[in-house]
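**Student:**
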Amino acid sequence: MTHEFKDILTQAAINQRNGIQNVLATVVDLDGSSYRKPGVRMLLSSDGKMVGAVSGGCVEKEVQRRAQSVFKSGVSKIMTYDGRYRLGCEGILYILLESFTVSTALIDSFSESLEKRLPFVIESFYQKEDEIEGNFGSIVRFQNNQNVSFSDTFNPKNFHEIQVFQQTLQPLFRLLIVGGEHDAVKLCSQASQLGWIVDVVSSVKDPKQLSDFPHANSVTAQTPETIVLDHINEHTAVVIMNHNFTYDLRWLVKLQEYNPIYIGILGAAKRRERLLNELFDFAPEVSDTFLEKIHTPAGLNIGAETPEEIALSILAEVLSVVRKKEVFSLKKITGRIHS
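Residue numbers 1 to 339, in the UniProt record's numbering, belong to the letters of the sequence shown in order.
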């Protein structure tokens, strides 16, 4: 959700510079089930535009209509949306509507969190009632000890019978692609649509430029022995797309020094045993934890054939690992989709 908040913050700052008012809608509570869960946000602009969504598209117009009082008065309010009679989702959404002011402190602290890949916390204060106005609002707490309110008028004191929705937003997920061919371009493009930061490392024998990967954060040409890697942790996946056995092995040896959540390698299933056997020869003390991170051939078995389909299968596998989900068809679920 961090990338959604980033998009909202960027557009809100643009609106503010152009004299356009902002109201932030946040789902803070839920009775029953819904398309999306508490913590989703949508930016409403006084010119009628919206960024983000709090549902699948059926709730947004109603939120926009009921936010007009906040544009006029600046007073925050709580609204509900009962999807049981309109959506078939069997749930009631509680949505906080508050004026949204983008301060310098908010921009600076958020940018620092992105750069240093630090999590941050958003707390939203509300009452679980419909069409109630009052001293409601949100505070974002950063690890640099900055606590910033979304609204100039919100006073996070003197609460009476107030509830708090707290959400920790993690750093933007990062994908490191090792390889510079056509299939790597497709993977980069699709990953960027998920809001992931994508860094590409191509071969020094065939260096690529940022123009070759227009959706990437960075493109470099380096060898595994000389590269210096930063922020390779549980919020990072690595996909090796060299189409070269020796190069793949060299990258595996290098990645032992780090802790990505996922390592995917292209190639036929029959080369997997050879790759792991030779890894033991070069790194006899390789841990079982590291080996469990290796997925080769990379991707889910969805019958992918084209580079675009292969990219989709890899990203789906990465997401299943990150979310700790066993993969199967949703039609087999008889209860709730989300726990």
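Glycine included, each C-beta is placed from N, C-alpha and C at the ideal position.
Please read all numbers here as calculations on a predicted model, not as lab measurements.
What are the start and end residues of the alpha helix (DSSP H) that includes Phe110?
**Tutor:** 104-116 is the span of the alpha helix (DSSP H), which, as asked, contains Phe110.
**Student:** Return the chain-ordered list of same chain residues with a C-beta closer than 7 angstroms to the C-beta of Asn144, the five sequence neighbours on each side being excluded.
**Tutor:** So the list reads Ser109, Glu112, once near-sequence residues are dropped.
**Student:** Grab me the residues of Leu9's own chain with a C-beta within less than 8 angstroms of its C-beta, minus the 5 sequence neighbours each way, in chain order.
**Tutor:** Around Leu9: Val102, Leu106, Ile107, Phe110.
**Student:** Please say whether Val59 and Tyr94 have beta carbons closer to each other than 9 angstroms?
**Tutor:** Against a cut-off of 9 angstroms, the Cβ pair of Val59 and Tyr94 comes out as no contact.
**Student:** Given that a residue counts as buried once 16 or more other Cβ atoms are within 10 Å of its Cβ, and exposed if not, what is Gln209?
**Tutor:** The residue is exposed, with fewer than 16 neighbouring Cβ atoms inside 10 Å.
**Student:** Starting from the C-beta of Pro260, find all residues in its chain whose C-beta is less than 8 angstroms away, skip the five residues before and the five after it, and write them out in chain order.
**Tutor:** So the list reads Leu176, Ile232, Asn233, Glu234, Thr236, Ala237, Val238, Lys293, once near-sequence residues are dropped.
**Student:** Nearest chain D C-beta to Thr10 closer than 9 angstroms, yes or no?
**Tutor:** Going by chain labels, chain D is absent from the structure shown, which holds only one protein chain.
**Student:** Go through the region 137-204 residue by residue and report every complete run of the alpha helix (DSSP H) that reaches 4 residues or more, in order.
**Tutor:** The region 137-204 contains these whole alpha helix (DSSP H) runs: 182-193.
**Student:** Quick check: the region 179-190 against the region 12-29, are at least 3 beta-carbon pairs closer than 8 angstroms?
**Tutor:** With a cut-off of 8 angstroms, the region 179-190 and the region 12-29 do not count as touching, because too few Cβ pairs lie within range.
**Student:** Helix, strand or coil: how does DSSP classify Asp47 here?
**Tutor:** In the structure shown, Asp47 sits in coil (DSSP, three-state: anything other than H, G, I, E or B).
**Student:** For Leu291, count neighbouring C-beta atoms within 10 Å of its own C-beta (all shown protein chains included) and say buried if the count is 16 or more, exposed if not.
**Tutor:** With fewer than 16 Cβ atoms within 10 Å of its Cβ, Leu291 is classed as exposed.
**Student:** Over what stretch of residues does the beta strand (DSSP E) that includes Glu98 continue unbroken?
**Tutor:** 91-99 is the extent of the beta strand (DSSP E) around Glu98.
**Student:** With a CB to CB cut of under 8 angstroms and the five nearest residues on each side skipped, what residues in its chain are close to Arg36?
**Tutor:** So the qualifying residues of the chain are Val27, Ala53, Val54, Ser55, Gly56.
**Student:** Going by alpha carbons, who is nearest to Ser202 out of Ser287, Ser218, Arg65?
**Tutor:** Taking only the C-alpha atoms, the option nearest Ser202 is Ser218.
**Student:** May I have the straight-line CA-CA distance separating Asp206 from Asp212, to the nearest angstrom?
**Tutor:** Cα-Cα distance, rounded: 12 angstroms.
**Student:** Using 10 angstroms around the beta-carbon of Gly303, count the other beta-carbons present and answer buried if the total reaches 16, otherwise exposed.
**Tutor:** Exposed, by the Cβ-count rule.
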